[in-house]
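K.L.:
Below is one structure. I have some questions about it.
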Amino acid sequence: MPERITHFTRDSLVFDVRDEGPISGTPVVLLHGFPQDSRSWDAVVPALHTAGFRTLAPDQRGYSPGARPRRRRDYRGEELAADVAALIAAVDAGPVHLVGHDWGAAAGWQVAAGYPDLIRTLTAVSVPHPAAMVRAIRTSRQAFRSWYMLAFQVPWIPELLLTKPALTRSILERMGQTPQRAARDQSNLAHRTAARGAVHWYRGLPFTDRHTTSRAVRVPTLLVWSDRDKAIGPEGPELTERYVRAPYRLVTLPGVSHWIPDEAPEELAELILDHASTPG
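For the sequence shown, position 21 (counting from the first letter as 1) is numbered 91 according to the numbering used here, and the numbering increases by one without interruption.
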């Protein structure tokens, strides 16, 4: 009989995990984005549990208090993907369905490409394949949408600004969050060390091996994008099909902001469940 987990370890780092739903169900691993944590999936998981799936939602590197290394290179893509692989190994329940939003989607792409034997299906929410994203930045207005990725490379100042509650809540609300959800997400940045861990996901980009971000994905893949996303334009999602060598589908949610798991949880859960039935 499988056992519940509340945490897992990798290289002396301790990650908190929310393990819920039918214990014997096929696992669905849910990866949150910036600046959220596992609570961002609260409105999505009930439908997955009703359908018989077990859900595992970790607070990822930089967000779990026991997993906040100080160096930027410790947040390169290979490390983020290896964390997820370690979680799957800790559960020891066979291949999982992997779902990621925002930075969680970016990590999900690398996990699916680098550890295909661990993944049944990939559902990427909001963020396209990394190579498609790079191409979109070079060839479209995506570069203007992604200006903050460069700004976050500056030391100290982003952490200082993000720990100011009113400022962070205002930014999140302008990106489409409700005041209540903006306050929830801002709480993840209340302390300088927590804000540094979150921002280091961006600072780890220069240390990430380009080969690991350019590999094609060979598991059934669903990309869910929304047309009111102020961070991600349509170009990256439209290019993503080039980097998937398996059944692939792009779904665009009209009138929804970047925060799909919060804003359209029922629709997203339905898409995840439908995708989970995709033949391998």
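Virtual Cβ for every residue (Gly too), placed ideally from N, Cα, C. Bear in mind that the values here come from a model prediction, so they are computed numbers and not experimental data.
In or out: ALA260 buried (at least 16 other Cβ within 10 Å) or exposed?
P.N.:
Numbered from its first residue, the sequence shown carries residue 260 at position 190. Burial call: exposed.
K.L.:
What is the DSSP secondary structure of PHE277, counted as helix, strand or coil?
P.N.:
Locating residue 277 in the sequence shown gives position 207, counting from the first residue. Three-state result, PHE277: helix.
K.L.:
Measure the beta-carbon distance from ALA265 to LEU220 and round it to whole angstroms, keeping in mind my assumption that it falls under 8 Å.
P.N.:
Position 195 of the sequence shown, counted from the first residue, corresponds to residue 265. Position 150 of the sequence shown, counted from the first residue, corresponds to residue 220. The beta-carbon separation of ALA265 and LEU220, rounded to 18 Å, does not stay under the 8 Å limit for a contact.
K.L.:
PRO139 and LEU293 - do their beta-carbons sit closer together than 8 Å?
P.N.:
Here residue 293 is taken as the residue at index 223 of the sequence shown, counted from 1. Here residue 139 is taken as the residue at index 69 of the sequence shown, counted from 1. No, the Cβ-Cβ distance between LEU293 and PRO139 is not below 8 Å.
K.L.:
Could you pull the start and end residues of the alpha helix (DSSP H) that VAL161 belongs to?
P.N.:
Here the question's residue 161 lines up with position 91 in the sequence shown. Looking at the DSSP string, the run of the alpha helix (DSSP H) that includes VAL161 is 147 to 161.
K.L.:
From ILE75 to LEU157, what distance separates their C-alpha atoms?
P.N.:
Stepping through the sequence shown from its first residue, residue 75 is reached at position 5. Stepping through the sequence shown from its first residue, residue 157 is reached at position 87. Answer to the nearest angstrom: the Cα atoms are 10 Å apart.
K.L.:
Are SER240 and GLY303 touching if we call contact CB-CB under 8 Å?
P.N.:
Here residue 240 is taken as the residue at index 170 of the sequence shown, counted from 1. Here residue 303 is taken as the residue at index 233 of the sequence shown, counted from 1. No, they are not a contact pair.
K.L.:
Any chance you could list the beta strand (DSSP E) runs of at least 3 consecutive residues sitting entirely within the stretch 157 to 212, in chain order?
P.N.:
Counting whole runs of 3 or more residues, the stretch 157 to 212 contains the beta strand (DSSP E) stretches 166 to 171, 189 to 195.
K.L.:
Just to check my reading of the structure: SER296 and LEU320 have Cβ atoms closer than 8 Å, yes? What is that Cβ distance to the nearest angstrom?
P.N.:
The residue you call residue 296 lines up with position 226 of the sequence shown. The residue you call residue 320 lines up with position 250 of the sequence shown. The pair is not a contact, with the Cβ atoms about 12 Å apart (cut-off 8 Å).
K.L.:
So, helix, strand or coil for HIS270, using DSSP?
P.N.:
Walking along the sequence shown from the start, residue 270 turns up at place 200. DSSP places HIS270 in helix when its eight states are reduced to three.
K.L.:
If you reduce the DSSP assignment to three classes, tell me which class ARG285 lands in.
P.N.:
The sequence position of residue 285 within the sequence shown is 215, counting from 1. Three-state DSSP puts ARG285 in coil, outside helix and strand.
K.L.:
ASP332 lies in the alpha helix (DSSP H); which residues open and close that run?
P.N.:
Counting from one through the sequence shown, the residue named residue 332 turns up at place 262. Taken as a continuous stretch (DSSP letters only), the alpha helix (DSSP H) holding ASP332 covers 330 to 333.
K.L.:
Look up ARG80 in the DSSP assignment and say whether it is helix, strand or coil.
P.N.:
Looking up residue 80 in the sequence shown gives position 10. Strand at ARG80.
K.L.:
From the DSSP output, which residues share a beta bridge with ASP299?
P.N.:
Position 229 of the sequence shown, counted from the start, is the residue given in the question as residue 299. BP columns for ASP299 are empty, so no partner.
K.L.:
Straight-line CA distance for GLN223 to ARG273?
P.N.:
Against the sequence shown, residue 223 aligns to sequence position 153. Against the sequence shown, residue 273 aligns to sequence position 203. Approximately 5 Å, taken between the alpha carbons.
K.L.:
Using beta-carbon positions only, say whether TRP179 and ALA194 come within less than 8 Å of one another.
P.N.:
For the purposes of this step, residue 179 is taken as the residue at position 109 of the sequence shown. For the purposes of this step, residue 194 is taken as the residue at position 124 of the sequence shown. Yes, these two residues count as a Cβ contact at 8 Å.
K.L.:
Say whether the stretch 280 to 291 touches the stretch 119 to 133, bearing in mind that this needs 3 or more beta-carbon pairs closer than 8 Å, one atom from each stretch.
P.N.:
Short answer: they don't touch.
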